[in-house]
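First residue of the sequence shown: 1, per UniProt numbering; consecutive thereafter.
What follows is a set of notes on a single structure, which appears directly below.
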Amino acid sequence: MAKAFFRLQKFVRRTQFLLFFLTAAYLMAGSLLLLQRTRLVIQQGARGTSTNQALPVPDGMAGVGIVEPRTLQNPHPGPRLLVGMETLQEPALDQRHSPRWLVSRNSELRQLRRRWFHRFISDQEPMQTAGFKAMKHTAEHKGTYMGCFSDDSRERTLKGAVFYDLRKMTVSHCQEACAERAYTYAGLAYGAECYCGNKLPAPASKPEECNSECKGEKGSACGGVNRLSVYRVEELRAGARRRRNVIYRGCFRAPENLTDTFPASLIQPNLTVEMCSEFCSKKEFPLAVIRGRECYCGYPTGRFSLHDGADGLLCSGMHNASRAAEGQHCLVYQTPVQDTRCTDRKFLTTKSKVFVALSSFPGAGNTWARHLIEHATGYYTGSYYFDGALYNKGFKGEKDHWRSRRTICVKTHESGKTEIEMFDSAILLIRNPYKSLMAEFNRKYAGHLGYATDRNWKSKEWPDFVNSYASWWASHVLDWLKYGKRLLVVHYEDLKQSLIPKLKEMVAFLNVTVTEDRLLCVENNREGNFKRSGAKQKDFEPFTQEMKDLINRYILTVDEALRGRNFTGLPREYVPR
Numbered sequence: 001m002a003k004a005f006f007r008l009q010k011f012v013r014r015t016q017f018l019l020f021f022l023t024a025a026y027l028m029a030g031s032l033l034l035l036q037r038t039r040l041v042i043q044q045g046a047r048g049t050s051t052n053q054a055l056p057v058p059d060g061m062a063g064v065g066i067v068e069p070r071t072l073q074n075p076h077p078g079p080r081l082l083v084g085m086e087t088l089q090e091p092a093l094d095q096r097h098s099p100r101w102l103v104s105r106n107s108e109l110r111q112l113r114r115r116w117f118h119r120f121i122s123d124q125e126p127m128q129t130a131g132f133k134a135m136k137h138t139a140e141h142k143g144t145y146m147g148c149f150s151d152d153s154r155e156r157t158l159k160g161a162v163f164y165d166l167r168k169m170t171v172s173h174c175q176e177a178c179a180e181r182a183y184t185y186a187g188l189a190y191g192a193e194c195y196c197g198n199k200l201p202a203p204a205s206k207p208e209e210c211n212s213e214c215k216g217e218k219g220s221a222c223g224g225v226n227r228l229s230v231y232r233v234e235e236l237r238a239g240a241r242r243r244r245n246v247i248y249r250g251c252f253r254a255p256e257n258l259t260d261t262f263p264a265s266l267i268q269p270n271l272t273v274e275m276c277s278e279f280c281s282k283k284e285f286p287l288a289v290i291r292g293r294e295c296y297c298g299y300p301t302g303r304f305s306l307h308d309g310a311d312g313l314l315c316s317g318m319h320n321a322s323r324a325a326e327g328q329h330c331l332v333y334q335t336p337v338q339d340t341r342c343t344d345r346k347f348l349t350t351k352s353k354v355f356v357a358l359s360s361f362p363g364a365g366n367t368w369a370r371h372l373i374e375h376a377t378g379y380y381t382g383s384y385y386f387d388g389a390l391y392n393k394g395f396k397g398e399k400d401h402w403r404s405r406r407t408i409c410v411k412t413h414e415s416g417k418t419e420i421e422m423f424d425s426a427i428l429l430i431r432n433p434y435k436s437l438m439a440e441f442n443r444k445y446a447g448h449l450g451y452a453t454d455r456n457w458k459s460k461e462w463p464d465f466v467n468s469y470a471s472w473w474a475s476h477v478l479d480w481l482k483y484g485k486r487l488l489v490v491h492y493e494d495l496k497q498s499l500i501p502k503l504k505e506m507v508a509f510l511n512v513t514v515t516e517d518r519l520l521c522v523e524n525n526r527e528g529n530f531k532r533s534g535a536k537q538k539d540f541e542p543f544t545q546e547m548k549d550l551i552n553r554y555i556l557t558v559d560e561a562l563r564g565r566n567f568t569g570l571p572r573e574y575v576p577r
């Protein structure tokens, strides 16, 4: 017996058998772990997002969640980076039969990340009717719930202002936003979209059809698919600010036939600006036009574009409506109502044959240009990156894969031969480097809407930032001039000064036909929701003479390159300081 045991011990000690034994033990332990995780994932899958919510990823493309190079310390464009992931192809998923993504650990992590990503940003799936009973329609500061109403993207039920918050939308947030702009009703759809208006919609729908939960408030109804949860906004939080501001647009020559030009009118003795503005706001028009005792409401149109203002002296009593000239001129005011003729947007119904980039250096106004393009064309713009702040505010193309070709153009800050030649054509947006550098530094330290503090400007970060980013500003333009196949160069300053002519060029370059009225609507909403707020320092000069010398050399280099390609040189204000 002892001899047999000795032989067995000697055999076990042999290297090959020991390796085999350890390998078998490792595989058995791994199998048990996979079985346990499979059970957990299947349970979570029953509660999580469905497979049809996945991003449209073209064949061979596995990357989602690409980081903007401007968020990195090294500003120079380099290989695209994935958030904590390797660029590996994923097998086709079929979660109904087997969790094939569990084959490898990397695939598992990618799927878990994607599952989290869609829970975070995707449109809320309609909840089951059984769970609808738990929804609340009344709570503190929510006003009166009026009911569930049908809504159509082509013909909005509430035709006033539109707001988005695809992460934190609540009933109170929507109500207050509408009340501040003088609206009576607030309607919520898809759990994240807010619509305002002064007219209660037509017949109500079934209550259970408003079955989307508010993104930022569990248990509250925020509409559904083509359904609005409508609230009356008379009950506001204590101290809520009602922004019923009226903006004076100027004195203009009155059109020949006022009643044909403007769809609504009122004749009132002792007419005041407040009376006319209130009347037009109730009628949901953005313009209030006053001529003597007459009040007219409407939009900027080709017949009344507000482009050629008259001398204010021609409108007697410029801010006193009762003394306004009753002849050839009229006073024009902007009401709190938003011009919604150009706010409808959608994805392309068929894939675009031409892959167009909207390229710029960070801080050059790319987000503003996207706002203009989306409202002018009616189509979403895409992005090479993902910016949750932009997506949450209505840039729905942010979540679409950048190569899906479902968007009218794709934002990018990339440069380099490979990144540029992926696109068939591009709109190259250029801005004064002094302004661009300051805008990007503000974004880096205070987000899209804030300003960096004095401490930030006086820190060592600012000189380092200028030294690295100034060269990127130049190399970005030079690379696109060198490798771009078909370019439209647009200077930010020209777009700001001559918006409609430049926007017409951009829209024509994108091969889209738009009406004059739609362009006038874009002009009426030109600022969008991404204008920086807060105190801006006047005559603030953060650039040292050494910085100016560096930037000026790059300006001259870029100007020479543009002229060498038969483009217009840089605007005069770029001229070295």
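From the three backbone atoms N, C-alpha and C, an ideal C-beta is built for every residue, glycine too.
Small disclaimer: the values here were computed from a predicted structure and weren't measured.
The residue among Val410, Glu505, Ala161, Thr23 with its C-alpha nearest the C-alpha of Cys342 is Ala161.
Distance from His371 to Gly528 at the Cβ level is roughly 4 Å; contact confirmed, criterion being Cβ atoms closer than 8 Å. Comparing alpha-carbon positions, the option among His476, Lys159, Thr513, Glu193 lying closest to Glu419 turns out to be His476. The Cβ atoms of Arg227 and Gly143 do not sit closer than 9 Å to each other. Using a Cβ distance threshold of 9 Å, Ile551 and Phe543 count as a contacting pair.
His448 sits in coil when the DSSP states are folded into three classes, being neither helix nor strand. Under the three-state reduction of DSSP, Lys411 is assigned to strand. In the three-state reduction of the DSSP assignment, Cys174 falls in the helix class, which pools H, G and I. In this structure, Trp402 sits away from Gly416, with a CB-CB distance that is not shorter than 9 Å.
Looking at the DSSP output, Gly216 bridges to nothing. In the structure shown, Asp494 falls within a helical segment according to DSSP collapsed to helix, strand and coil.
Tyr492 has its alpha-carbon roughly 5 Å from the corresponding atom of Arg431. For Phe465, there is no enclosing beta strand (DSSP E); the residue is found in the alpha helix (DSSP H) stretching over 461-483. Under the DSSP assignment, Tyr164 falls in the beta strand (DSSP E) whose first and last residues are 162-164. Annotation: the continuous alpha helix (DSSP H) that includes Thr557 extends over 545-564. Taking 9 Å as the cut-off, the beta carbon of Leu158 is found closer than this to the beta carbon of Asp151. Looking only at Pro571, Asp549, Lys548, the smallest Cα-Cα distance to Asp559 is reached by Pro571. Leaving aside the five residues that flank Cys276 on each side, the residues in its chain whose CB is nearer than 6 Å to its CB run, in chain order, Ala288, Ile290, Cys295.
Non-local C-beta neighbours of Ser229 in its own chain, meaning closer than 7 Å and more than five positions away in sequence, comprise Cys148, Gly187, Leu188, Cys210, Ala221, Cys222, Gly223, ordered along the chain. A distance below 8 Å between beta-carbons, with the five flanking residues on each side excluded, links Thr261 to the following residues of its chain, in chain order: Pro255, Tyr296, Gly298, Thr301, Arg303, Phe304.
Ser383 is bridged by DSSP to Lys411. By the Cβ test, the region 440-449 is in contact with the region 354-365, since at least three Cβ pairs between them sit closer than 8 Å.
Scanning Asn525, Lys199, Val489 for the CA closest to the CA of Leu428 turns up Val489. Between Asn511 and His375 a beta carbon distance of about 17 Å is seen, past the 8 Å cut, so the two are scored as non-contacting. At the C-beta level, Pro336 and Glu180 come within 9 Å of one another.
In the DSSP assignment, Val233 falls outside any alpha helix (DSSP H), carrying neither H nor E. With a cutoff of 9 Å on beta-carbon distance, Lys411 and Tyr384 are scored as near each other. DSSP places His329 in no alpha helix (DSSP H) but in the uninterrupted beta strand (DSSP E) bounded by 329-334.
The beta carbons of Leu331 and Tyr445 sit no closer together than 9 Å.
With fewer than 16 other Cβ atoms from the protein chains shown falling within 10 Å of its own Cβ, Thr259 counts as exposed. In this structure, Arg406 sits near Leu348, with a CB-CB distance shorter than 9 Å.
When the Cα atoms are used, Leu200 and Tyr185 turn out to be separated by approximately 7 Å. Annotation for Leu306: Arg249, Phe252, Pro300, Val332 place their beta carbon closer than 7 Å to its own, counting only its chain and skipping 5 residues before and after. Per DSSP, the continuous beta strand (DSSP E) segment holding Tyr195 begins and ends at 193-197. For Met169, the secondary structure class from DSSP, reduced to helix, strand or coil, is coil. Around the beta carbon of Lys482, fewer than 16 other beta carbons lie within 10 angstroms, which makes this residue exposed.
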